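Visitor: Under our numbering, the residues of the sequence shown are numbered 41 to 262, in order. In this text, a Cβ means the ideal position worked out from N, Cα and C, and glycines have one as well. Fair warning: this is a prediction, and the values are worked out from it, not measured in the lab.
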Amino acid sequence: MSEQGRLAPARRRGLAEEVADRIREAIFSGAYAPGAQLREVELAGAMDVSRGPVREAVRLLEREGLVHCAWHRGTTVTTLSPEDVAELDSLRGALEDLAVRQAIARGSDEDLASVAKAADMMERARDAHDLVRCDIAFHDAVFAAAGHRRLADAWEGIRCQVHLFLLTRIGHSTEGYLSRIPAEHRELVAALRSRDTDTALELFAAHRRHAVDVVTGATDPG
41 MSEQGRLAPA RRRGLAEEVA DRIREAIFSG AYAPGAQLRE VELAGAMDVS RGPVREAVRL
101 LEREGLVHCA WHRGTTVTTL SPEDVAELDS LRGALEDLAV RQAIARGSDE DLASVAKAAD
161 MMERARDAHD LVRCDIAFHD AVFAAAGHRR LADAWEGIRC QVHLFLLTRI GHSTEGYLSR
221 IPAEHRELVA ALRSRDTDTA LELFAAHRRH AVDVVTGATD PG
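(1) Would you call the segment 132-144 in contact with the segment 165-177, where contact means no fewer than 3 C-beta pairs closer than 8 Å?
(2) Closer than 8 Å by C-beta to residue 75: which residues in its own chain qualify, once you throw out the five before and the five after it? Chain order, please.
(3) According to the Cβ coordinates, are residue 176 and residue 202 closer than 8 Å?
(4) Tell me whether the beta-carbon of residue 140 lies closer than 8 Å to the beta-carbon of residue 251.
(5) Please determine if the segment 60-79 and the segment 99-118 are in contact, where contact requires at least 3 C-beta pairs separated by less than 8 Å.
(6) Helix, strand or coil, according to DSSP, for residue 78 in the structure here?
(7) Mind listing, in chain order, the continuous alpha helix (DSSP H) runs of no fewer than 4 residues lying wholly within the segment 153-189?
(8) Helix or strand or just coil, what does DSSP make of residue 50?
(9) Any heavy atom of the ligand NAD inside 7 Å of the beta-carbon of residue 192?
(10) From the DSSP output, which residues share a beta bridge with residue 114?
Encoded structure:
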C-alpha cells in the first residue's frame, strides 16, 4: 500500500483554534462569568465568522472543561460544583506536590529565579482578573522548574479548569485578594529557594486550602 493510501487527508486548521482563544480570553477576562450563556449566533456575529468555527471552538473549550453543553440549556461557562472543586483540588494537590519536590530537588537557581520573577509580576496586577493570570503564570513556572515533561503535560490538562476555579474564587469575593495573594506567593518562593521541602509543601497546601475554603464558604474570604 502506498503512503498516500495509508494516510487520511490532512485537515486545514486554525480558525476554530483562534475563535477558541478569543472565547477563552473573554472568559478569563471576566466578560463571561461562570454560568453565563454563550450563544453561537452572537459569538459568530461578534467575531465575524461563520457558525461552523464557533461550534468547533466550543467543542475544544468543552474538552478543556471551560464550557458545558446541554441540549436544554445550550452552551454555558462551566459552573464548578462542590464535587468538581474537591476533585480538582485533590488532583492539583497531587501534581503540585510532585512539582514542588522536583523543583527543589532538580530545579536550577535560574529555574527558581523564574518562579520568583513570576511572583514579582503580581505586584503590578491591575485588578483581580489580572492577578489570577499572574497566579496561573506562577504555577506554570513551578511546573516548568520541576523539569518533568509528563508532569507538565498533566498540569496543562487541568490548567484551564484551575484558572476557572480561581475566577470562581474572586467571584465569591475580592476582599483582601489583591493585598494577600502577592505576599503568599513571596512566601512560596522563599521556601523553594531555601530548598526546604517540608515547609514548601506545607505552604503550598495552605495556599490551595485557603482558596478552596473561600469557594466552599468554609472561611471568610479576607
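Guide: In short, the structure shows the following:
(1) They do not touch, by the three-pair rule.
(2) Here the set comprises 116, 117 and 119.
(3) Going by C-beta atoms, residue 176 is nearer than 8 Å to residue 202.
(4) Against a cut-off of 8 Å, the Cβ pair of residue 251 and residue 140 comes out as no contact.
(5) These segments touch.
(6) Reduced to three states, the DSSP call for residue 78 is strand.
(7) The qualifying runs are 168-186.
(8) Residue placement at residue 50 cannot be trusted, given a pLDDT of 40 that sits under 50; the coordinates are not used to answer.
(9) Judged by which ligands are present, the structure shown has none, so any question about the ligand NAD falls away.
(10) Its beta-bridge partners are 110.
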